[in-house]
Structure formats: structure tokens, C-alpha cells
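Engineer: Throughout, my numbering is defined as the position within the sequence shown, counted from one, plus 742.
Just so you know, even glycine gets a beta-carbon here, dropped at the ideal spot from N, CA and C.
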Amino acid sequence: MCGIFGCLLSNGNASPVIHSSLKKLEYRGYDSVGIATIFDGKIFLKKGQGKIDEVHKNLNLDDLPGNIGIGHTRWATHGAPLQINSHPHFDCTGKIAVVHNGIIENFSELKLELQNLGHIFVSKTDTEVIPHLIEAIMKDKPDFSFENAVQEAIKRLEGSFALAAISSHEPSKLVCARNESPLILGISDNGIYCASDIPAFLPLTNKTVPINNGELVIITAKGYQIKKIRDGSLIERAPEIIEWTSEMAVKQGYPHFMIKEIYEQPEVLRNTLRLQDHYLDLFSTFLDRSTEIFLVACGTSYHACLAASYMFSKLAFLPTYPVYASEFIEQYGKSVNIDSTILAVSQSGETADTIAAVVSAQQRAATILSLTNTIGSTLTRISRVYIGTQAGPEIGVAATKTFTSQISVLAQLALRLAKRRGKISQDEIDTLEGQLAKLPDIVDTTVKTQDAKAKQIAHKYANSKVLFFLGRGISTATAFEGRLKLMEIAYIPSVAFPAGESKHGPISLIENGLPVIFVCQKDDTHKTVISNIMEMKARGAKIIAIIEKDDNEIKEIADDYLEVPQGILGIFSPIPYAIPLQLLAYHMAIELNHDPDMPRNLAKSVTVK
Ligand code: F6R
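Structure representation (C-alpha cells):
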């Protein structure tokens, strides 16, 4: 998740406007920053690694000449957060500059094709193929306008993008386009802006034009023109007035970052499905050849590991050990060896316990693989190979979108391993891949249909003294995560354990009216879960069930329920089933007047042991 911005002004220099607008997009990423403008038929560029203020201190981002320009603040996905990988990116002639947010899935193929035509690439980014592609088309079709060349180039892109491009060939034109990644225009008396998000230009104007998927915009001194990328047909769209304050705009109209991030999950999951194959292959090669695999993490990331251990076992027939990072050295520190692999999972990539576990295993020659949301973090630097979870910056302290994105990547890895080890048939692989591809839409439906209902249930149970969270099989991980979310932001003491453990102790706590949340995915555990519900009901517990739509058997015995769409395979259930639990925790915190974004005593990145 990066931030892009572009503008064509009637008066004044573009670069200070771009600089201040990028500052407002910094919540979308802050690994590096760059600005390109055009003046007197020439492109001027400044870019550097680091936060915007640091780069500005070194380079002065405000003194580029010209009234037209583009800018970018980066959240690294392809290529480390280095100066060379920061945007804007250029073609070979230096006459076409592009900023991009999104992921180009077919960039390796395009890069090879362009390299064979003699194009020289300087970065490791997927974005750089875009200016080279535009250049190649302009060379091939000299009669094409700049926007025609951009249009032809983006027809060849697979994946997601919001991009803005300028060229000294046509120095008074700004072209931008969208597929999946957000893009919006701002219209003021002094010019036209394009940006990833409204806050970028909100102080300058509240007149906006939303751009839809598959649309291209040409901005000139005369105004803006929107076209369909597919066939170039014109689209008429008048500006709308947005009544948002700056604070609301950063949260895109949501009252808190947490709920905004819960709603971002469909988009994030679409991005995690765009992982580059060779990383999954590399990971599965290392995992397949190790004699023991430890999945090491803390908190929510540990719950993702717990879910993954079921996936690796059930799909790839591969046993793995999920371990709390803070316990790893004591529990396994001495037994780790050259044949062990540590797969460390961390949103921040900086968690002290996770880093300490990894460093100790590394000293004993174990292979270190990692999954993180923060490219360039300590974890990425000390790992043999890492995969980025593509969730974009998460501002709410409680992990939501990063949890489901971690599980999505781990599920893809389990599938890849299953294929490699020949453990499941092609038919099964096709079914599983089909289901994974549907998860973003399933999550979308779940968020939209269950939000209001979760609010009602939260209202009903917010004054409970204690809650239970139970699940069987892979839903044990979902139940643990639901409990953590509720405890950390609503401060309600909660207990979670595998449902089968009830009668070995915890059931003695049950008394009349105590709410017990059951996560009831439809798989081999379903019948036994019903027995566990009955045991709790018999002792007076109130049952809140998370069920598949039309699971009438459970609906009849539950006091309340939240639903996910039908037909979800149990093995992937933690992704959709986590959503109602996130919503419930959020609404309980609100009911109790707590700020869900900044829970007491907690920090987003825990860098002490
Ligand atoms: C809970 C939460 C924490 C983190 C934990 C690990 O909502 O966010 O439990 O999951 O501190 O953090 P990372 O994943 O950054 O290593």
C-alpha cells in the first residue's frame, strides 16, 4: 500500500504541493519518497530512502521547478526500501516518469520481454516495467499520443494498480489510471490533483471525482477527461462535494482505524493472492527438506502460526511446531540444528522475542524463513528468504488485516507444499485454489452483512464479567484470536481453549448466563462441537455461535449467532470466521467507551523482551 499523488496547477510550483500532499498520505507507507516535475520540456527528479521529513531535510523536496508533477510515498512490496527502488521510475530515455501503487503480477514476463528488446532496468520493482512498456509502445507507434501509449501499456498489466505518469514528450499532460488500487481526483480553482486517497488534497479542495476500476484519466489545462481503458470510450462524471474533516479523511470516513482495517481485508486478501510464485517455491523447497519446522511468533501472529500448523499437516502431511517466540529459546534452543527450519511470522518484523528466537536458531545454523508485513525490517535482514504479506500499514494496535493476510500466505504455502510433496490430487488442488480465490469476496460479504449484527450482540453482552471462546480443530486458532482481540481492546477477561478441553477443568467456571462463543466451521469436527455446545447449555451458558449461513442445527440451539457465507472449506475457515470476532471485539470496545485503536499498556511494535 503506497501513496501516489499528481497535479497540474494553473499557478505556482507543483513540488511543494506534492510534498505536503504526500505527507498526508504517509500513513500509506513511508519507506522512501520521490517527486518528479516537468519544466521547460525537461523532467526534474528528487527521491530518496527514508521518511518524507528525512528525505526533505537532505534534498529539499520543495524546489523542483514546474507546475506539473507526480509523487510517491512507498511501502515496499517488490524490492527493498532503497533509493534505487523508490518511485518515480523511468524509461531508458528518462523522458517518461511513473508512480504506482499496487502489484503487477506479470512483471517478470514483461521485464524479460522488454530486456530482450534492449531495455535496461535499474530497480528491483515491478513498477519499472510500466515506463519501459510505454516507451516501447511510443517507439513502435510514433503517431500515438502519450495517453494512447499509457492506455496500451496498461492493457498488458495483470494485477492491481493506481498510477500516474508524466512525459517530457507532452509536458503539459498528466495521465493516471486505476485497476483495484484506489484513485481519486480533486478539482480546485488552481488545478487538478490525482491521489490514492482524499486526505492528500483535502486542504486544497473538497470537490472530488472518484475513478473506477478500468478507467484512465487525462489531465490538461482544459480539465480532465475520463476514458475506459478497454476501448477508450469517454465517461462523463461531474465532481462531488465531500464533507469530511481531515481526521475523517485519513480514516476514510470510518470512526477508527481498526474498523477501517477490518473493512480493508477483501482488498488485502486480493493482494496476498498475487504473491510471486518463486518465493512460494523457494519456501517450500526449504520446508520440504528440513527435519523439523518451528513456526515462531507472538500474539496474533502466533495464532496465524497455530492455524498454519493444521494446514501444513492436513494439506501437505507435514508436521510443524507452532511456538511462542518468547518460549522458543527455553523450549527448543538447544535442540535446533542445521536441519531445522524456523518460519518466523511477524507483522512488524521488529518484535524483540521473535528476533531473539531467530538469532539464537541462526547461531545453531538453522535455516531462517520469515513472513512479515514490513519489508526492510530487522526480520527481513536476518532471514534467508522472506515473503511480504502485502497488507499495507496497519495503524490500529489490534492486528486485524495482518492476521488474515498472514493466514492467506501460509495457506498458499501449505498448498504449494502439498503439490510439491504429491500429497493431494490435482482435483483437490483445483478445489482448494478455487476456494482461496473466492475468499476475498467471502470476507467482503461477511464484513458487510455481519457488522450491524455484531454491534447488536456486543450491546447485549458488553457487561459480561467473563467470556469463553471455544473451537475444535483449526478453529482453536480462531477462538484464541477472537479472545485476544476482545481482551486487548474491550478489557473483558476472556478464556479460550480447544472445546474438547472443557471437561478437563474449565467447565467448572460455567454458571447461568455466562456467554460462550463457539466457532463452528463445517468440517469433521461439527458434530462434536454440537455436543460441546449442549454440555455448556446444560450448565446455563449463553451460546453465541459463529456459523456458516443456514447451519440450522446450530441456529436452533444457539442464543445468538453471526454468519459467514456457505461452502467454506474448514481448512481455510480461520480467514472468514475471524471477521465476526473482530467486529464483535470492536463493537464491545465501543460499547464500553474504550478507544479500540490505542488500547492501554500496548504498543504496535513490541521491541523489548
Ligand atoms: C494483537 C497484536 C499483538 C501482535 C504481537 C506480535 O492484536 O497485534 O499480539 O500480534 O505483538 O507482533 P508482530 O506480528 O509485529 O511480531
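Examine the ligand F6R and report whether any of its heavy atoms sits within less than 6 Å of the Cβ of D1088.
Structural biologist: A quick correction: the sequence has Ser, not Asp, at residue 1088. Under cutoff, so the answer is yes.
Engineer: Please report how far the alpha carbon of A1103 lies from the alpha carbon of N1079, in whole angstroms.
Structural biologist: Near 8 Å, if we compare the C-alpha coordinates of N1079 and A1103.
Engineer: Check whether the Cβ of C1047 sits closer than 6 Å to any heavy atom of the ligand F6R, and report yes or no.
Structural biologist: C1047 Cβ: outside cutoff for every heavy atom of the ligand F6R.
Engineer: Can you grab the Cα-Cα spacing for the pair T1116 / A818, in whole Å?
Structural biologist: In a straight line, the C-alpha of T1116 is about 8 Å away from that of A818.
Engineer: Which class does A1283 belong to by DSSP, given the choice of helix, strand or coil?
Structural biologist: Looking at A1283 - three-state DSSP - the assignment turns out to be coil, as it is neither helix nor strand.
Engineer: Is any heavy atom of the ligand F6R found at a distance shorter than 6 Å from the C-beta of V1348?
Structural biologist: Checking every heavy atom of the ligand F6R against the Cβ of V1348, one is found closer than 6 Å.
Engineer: Short of 8 Å in beta carbon distance, which residues of its chain neighbour K1202, apart from the five on each side in sequence? Order them along the chain.
Structural biologist: D1302.
Engineer: May I ask whether a heavy atom of the ligand F6R can be found less than 6 Å away from the beta carbon of S1236?
Structural biologist: Because no heavy atom of the ligand F6R lies under 6 Å away, the Cβ of S1236 does not count as near it: no.
Engineer: Using 10 angstroms around the beta-carbon of K883, count the other beta-carbons present and answer buried if the total reaches 16, otherwise exposed.
Structural biologist: Answer is exposed; the Cβ neighbour count stays below 16.
Engineer: Comparing alpha-carbon positions, which option in F1211, T1218, A1232 and Y1233 lies nearest R1225?
Structural biologist: For R1225, the nearest C-alpha among the options comes from F1211.
Engineer: So E1151 and L1017 are in contact, right, with Cβ under 8 Å, and what is the actual spacing, rounded?
Structural biologist: Per the sequence presented here, residue 1151 reads as Val, with Glu not at that position. About 7 Å; that satisfies the 8 Å criterion.
Engineer: Among S763, R898, G901 and S909, which one has its Cα closest to the Cα of E889?
Structural biologist: Ranking the options by Cα distance to E889, first place goes to S909.
Engineer: Short of 7 Å in beta carbon distance, which residues of its chain neighbour L925, apart from the five on each side in sequence? Order them along the chain.
Structural biologist: Correct list, in chain order: A904, C918, C936, S938 and I953.
Engineer: Could you spell out the range, first to last residue, of the beta strand (DSSP E) harbouring H814?
Structural biologist: First-last of the beta strand (DSSP E) with H814: I810 to R816.
Engineer: Between the Cα of A1065 and the Cα atoms of L1157, L856 and G1041, which residue gives the shortest distance?
Structural biologist: The displayed chain sequence assigns Val, not Ala, to residue 1065. Of the candidates L1157, L856 and G1041, the one whose C-alpha sits nearest the C-alpha of V1065 is G1041.
Engineer: Excluding the 5 residues flanking T1188 on each side, which residues of the same chain have their C-beta closer than 6 Å to its C-beta?
Structural biologist: V1306, P1318 and I1321.
Engineer: Which residue from G754, G1242, G928 and L1024 puts its Cα closest to that of E982?
Structural biologist: Cα-wise, what sits closest to E982 is G928.
Engineer: Cβ of G1130 within 6 Å of any heavy atom in the ligand F6R?
Structural biologist: No, since every heavy atom of the ligand F6R falls outside the 6 Å radius drawn around the Cβ of G1130.
Engineer: Is P1240 helix, strand or coil by DSSP?
Structural biologist: Correct three-state label for P1240: strand.
Engineer: Whose CA, out of I960, E900 and G965, lies closest to the CA of N932?
Structural biologist: Answer by Cα proximity: G965.
Engineer: Enumerate, from N- to C-terminal direction, the unbroken alpha helix (DSSP H) stretches of 4 or more residues contained entirely within the stretch 1154-1240.
Structural biologist: DSSP runs (the alpha helix (DSSP H)) wholly in the stretch 1154-1240: 1168-1203 and 1217-1232.
Engineer: Name the one or two DSSP bridge partners that G748 has.
Structural biologist: According to DSSP, which records beta bridges pairwise, G748 is partnered with I812 and C936.
Engineer: I want to check one thing, is the minimum distance from the CB of A1141 to the heavy atoms of the ligand GTP below 6 Å?
Structural biologist: Of the ligands one can find in the structure shown, namely the ligand F6R, none is the ligand GTP.
Engineer: So for Q1089, helix, strand or coil by DSSP?
Structural biologist: Of the three classes helix, strand and coil, the one that applies to Q1089 here is coil, per DSSP.
Engineer: Would you call the stretch 866-878 and the stretch 832-851 touching, i.e. three or more CB-CB distances under 8 Å?
Structural biologist: Judged by Cβ distances under 8 Å, the stretch 866-878 makes contact with the stretch 832-851, as three or more pairs qualify.
Engineer: Just to confirm, does T1042 get its C-beta within under 6 Å of one of the non-hydrogen atoms of the ligand F6R?
Structural biologist: Result yes, Cβ under 6 Å from the ligand F6R.
Engineer: Assign Q967 to one of three DSSP states: helix, strand, or coil.
Structural biologist: Strand at Q967.
Engineer: With DSSP run on the structure shown, which of helix, strand or coil describes V1139?
Structural biologist: Looking at V1139 - three-state DSSP - the assignment turns out to be coil, as it is neither helix nor strand.
Engineer: For G1282, which residues of its own chain have a beta-carbon under 8 Å away from its beta-carbon, when the five flanking residues on both sides are left out?
Structural biologist: Excluding sequence neighbours, G1282 sits near I1252, E1253, N1254, G1255 and L1256.
Engineer: Using a threshold of 6 Å, is the CB atom of T1096 nearer than that to any non-hydrogen atom of the ligand F6R?
Structural biologist: Yes, the beta carbon of T1096 sits closer than 6 Å to at least one heavy atom of the ligand F6R.
Engineer: Report buried or exposed for E989, applying the criterion of at least 16 other Cβ atoms within 10 angstroms of its Cβ.
Structural biologist: Its Cβ having fewer than 16 others within 10 Å, E989 is exposed.
Engineer: Quick one: Cα of L998 to Cα of A1287, how far?
Structural biologist: Residue identity differs from the one stated: residue 998 is His in this sequence, not Leu. For H998 and A1287, the distance between alpha carbons rounds to 26 Å.
Engineer: Who are the near neighbours of Q967 in its chain, counting only those whose CB is closer than 6 Å to its CB and skipping five residues on each side?
Structural biologist: Taken in chain order, the residues that qualify are I960.
Engineer: Name the residue from T987, K788, E855 and S1250 whose alpha carbon lies nearest to the alpha carbon of H829.
Structural biologist: When each option's Cα is compared against that of H829, the closest is K788.
Engineer: In the stretch 744-791, which residue ranges form an unbroken beta strand (DSSP E) of at least 3 residues, counting only runs that do not cross its ends?
Structural biologist: Counting whole runs of 3 or more residues, the stretch 744-791 contains the beta strand (DSSP E) stretches 745-751, 774-781 and 784-791.
Engineer: Would you mind stating whether H1045 and F1222 have Cβ atoms separated by less than 7 Å?
Structural biologist: Going by C-beta atoms, H1045 is nearer than 7 Å to F1222.
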